[in-house]
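Report on one structure; see the data block that follows.
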Amino acid sequence: MFYKFLSGAQLDNCFPSSIRRYVGLILCILDLFFFGGYHYGFNSLIGIYKSLGLFAYNCTQSGCMYNEDMFGISFNVWFVSHLCLITFAGIFMDRVGLRPLKLVSTLVYAAGTVMFAFTTGKVAPLFFTAGALVALSSICSLICNQQISSMFPHFRGICISLISGAFDSSTVVAYAVSKYHPYFSLQWSFISLSIGSFIMGLFIAMFILTMKSVDMKKFAKTEVTKSVFQSRVSKSLLLFNHYIVFIYLELFHSFTFVKLITTFYRAFVSYSKESCLEESSSVDVDKELSNVIDERFPTLRKCIFSASYALINLWITLGLFRFAIFLSQLYRQLVHLFPTDKKLVEHLLEVSSVFSMCGFFAAPVSGVIIDFSLRCSRDKVANILISNKFNVSNRKMYYNYICGLVPAMTIMSIFAVILSTMMFIPNTVAIYTAFVCLVIVRSLMFSAYVSYLLTGFPIRYFGTLNGISNVISGLFSLLQHIFLHTSGTVANSVSMAASIGLFITPFVLLMLRR
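First residue of the sequence shown: 31, per the working numbering; consecutive thereafter.
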């Protein structure tokens, strides 16, 4: 009976589509910013939990000793547990529904947050359980909220980037809890977060999301035909998007590497403008592409064993591995670069925490690049159909379209190489540059990855494919622990090799397009 109520049309039609789209996007961003992955910023709360006796031993009147390694072990438990379970969450979304998954993740997230509120030295196992529940449920909530992008098919990249950026920046919540702890107790902070997350998640699940993820696109604003005026307005909006990117780049134009990326992007825009010809209204490009994707991937098995899926798995695996090594090795790398200046090392660690909260500011740039590139690739497919509709293979149409994500992948790979290069240089400016690169790498990596799955495969398989990719890339990133007992130079050399390997996927995609 309850399942029938959840899948009822009355919930899907409770808001007009125009209101539902924009309210949903705003609420999904706020949901992930305030109630997202705050556990990634848990280093800010270690001192508070130590004062509560967590992992303390040999306590005397003068103080206690602490098992510092247990905090790192607990984070690994959270990380591995959500990796092992995320595939089942994806299957749950595809088989049972999007709305039920959001409801379950909301309840689990609220329960895990309450457990953090009551964690002390006497109930240390609660710390492991709470983190595992929050880690899994926050990723599930992210996957659910990303489906809001289906309501904005022509601006999907921007939506995904904003949502992912909000999730990345949610580490500021843990930082705020630690700073206001003297005025607001830890228990009430987490209880407030739990109540807020439950209310927000319940509203989004019931009134914004649909029962099935494929039904989200029915709330998109669709147009059967376009007039010449509307087409020109659309082109003008795309040109406006270019200038947004340029403005963001000019803010940091003093950096040499940003000048390089600005030049690269301008060259790409110039090339894309030439390839984006006027498309005929007689060709329904979206329908043609949808048919191509459905014909190439009629079953989940076809998706999993396809070359396209193997390429994105290679790219996200190497990207996440590079990202994980940076986070786990940052302290050792800084000590290796500045062995005699402990104050500078501590200062740089604080700066890195601030930069980790800035993912939301990089999101618009990532989204504009992805949306513009996909629009140009779509226009190229339209031109192919107009000139030679009956002799175009599905393979050529598919790879010409999916190559719209190559610019974002390439730019991310370039910044990953720059990041690895900067970590060889014992200079504070180089380290600051590395922090900026990390923000851009993180934003482009997750935005391009999710856009690839949503663009290149049937949406009905998104949950399962995303879950499998998360398990593969996450388990591979655990290899970072091998380098905990090696020198900083060895770890960074491996990181550089992984960064260079990121170019494989965009290069192969360009070859397959021919």
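Note that the Cβ used here is the ideal one computed from N, Cα and C, for glycine as well.
Quick check on the DSSP output: the beta strand (DSSP E) that includes residue i runs from which residue to which?
i	result
residue 93	93 to 96
With distances taken from CA atoms, which of the options is nearest residue i?
i	options	result
residue 493	520, 115, 372 and 192	115
residue 141	394, 222, 537 and 242	222
residue 380	332, 454, 335 and 462	462
residue 442	503, 467 and 422	467
residue 319	49, 424, 520 and 339	424
residue 360	418, 465 and 411	465
residue 47	250, 453 and 422	250
residue 69	52, 207 and 84	207
residue 167	346, 224, 529 and 382	224
residue 343	378, 497, 187 and 61	497
residue 314	218, 247, 412 and 189	412
residue 187	499, 503, 519 and 480	480
residue 430	159, 414, 243 and 444	414
residue 548	113, 144, 403 and 155	Outside the displayed span of the chain (31 to 544) sits residue 548, for which this structure offers no information.
residue 573	418, 161, 189 and 184	Because the chain is modelled from 31 through 544, residue 573 falls outside the range shown and cannot be assessed.
residue 444	475, 502 and 417	475
residue 138	231, 104 and 60	231
Helix, strand or coil for residue i, going by three-state DSSP, please let me know.
i	result
residue 150	coil
residue 457	coil
residue 183	helix
residue 544	coil
residue 211	coil
residue 58	helix
residue 521	helix
residue 81	helix
residue 46	coil
residue 438	helix
residue 388	coil
residue 347	helix
residue 549	No information on residue 549 is available, as it lies outside the stretch 31 to 544 that the chain covers here.
residue 341	helix
residue 122	helix
residue 422	coil
residue 463	helix
residue 204	helix
residue 192	helix
residue 536	helix
residue 250	coil
residue 494	helix
residue 130	helix
residue 368	coil
residue 105	helix
residue 66	coil
Spatial neighbours of residue i within its chain, please: C-beta separation below 6 Å, excluding the five flanking residues on both sides.
i	result
residue 303	In this prediction, residue 303 scores a pLDDT of 47, lower than 50, which makes its location untrustworthy; no coordinate-derived value is stated.
residue 178	54, 55 and 58
residue 432	486
residue 513	521
residue 482	342 and 435
residue 258	Low confidence applies to residue 258: its pLDDT is 38, below 50, so where it sits in the model is not reliable, and the reading given next is rough at best. None.
residue 203	68
residue 440	536
residue 120	493, 494, 496 and 497
residue 366	518
residue 107	158
Mind checking who residue i pairs with in its DSSP beta bridge?
i	result
residue 86	96
Could you please give the first and the last residue of the uninterrupted alpha helix (DSSP H) stretch that includes residue i?
i	result
residue 487	Here residue 487 belongs to no alpha helix (DSSP H), and DSSP marks it neither H nor E.
residue 174	155 to 176
residue 231	216 to 237
residue 333	330 to 334
residue 73	No alpha helix (DSSP H) holds residue 73; DSSP gives it neither H nor E.
residue 322	315 to 326
Among residues of its own chain, excluding the 5 on either side of residue i, which ones have a beta-carbon nearer than 8 Å to its beta-carbon?
i	result
residue 82	149, 150, 151 and 216
residue 88	94 and 95
residue 452	460, 461, 463, 464 and 467
CB-CB under 7 Å to residue i, same chain, minus the five flanking residues each way: which ones, in chain order?
i	result
residue 527	none
residue 330	491 and 494
residue 531	348
residue 488	323, 324 and 327
residue 78	208, 211 and 216
residue 341	535, 538 and 539
Strictly under 8 Å for the Cβ-Cβ distance: is residue i near chain D by that measure?
i	result
residue 427	Within the model displayed, chain D is absent; a lone protein chain is all it includes.
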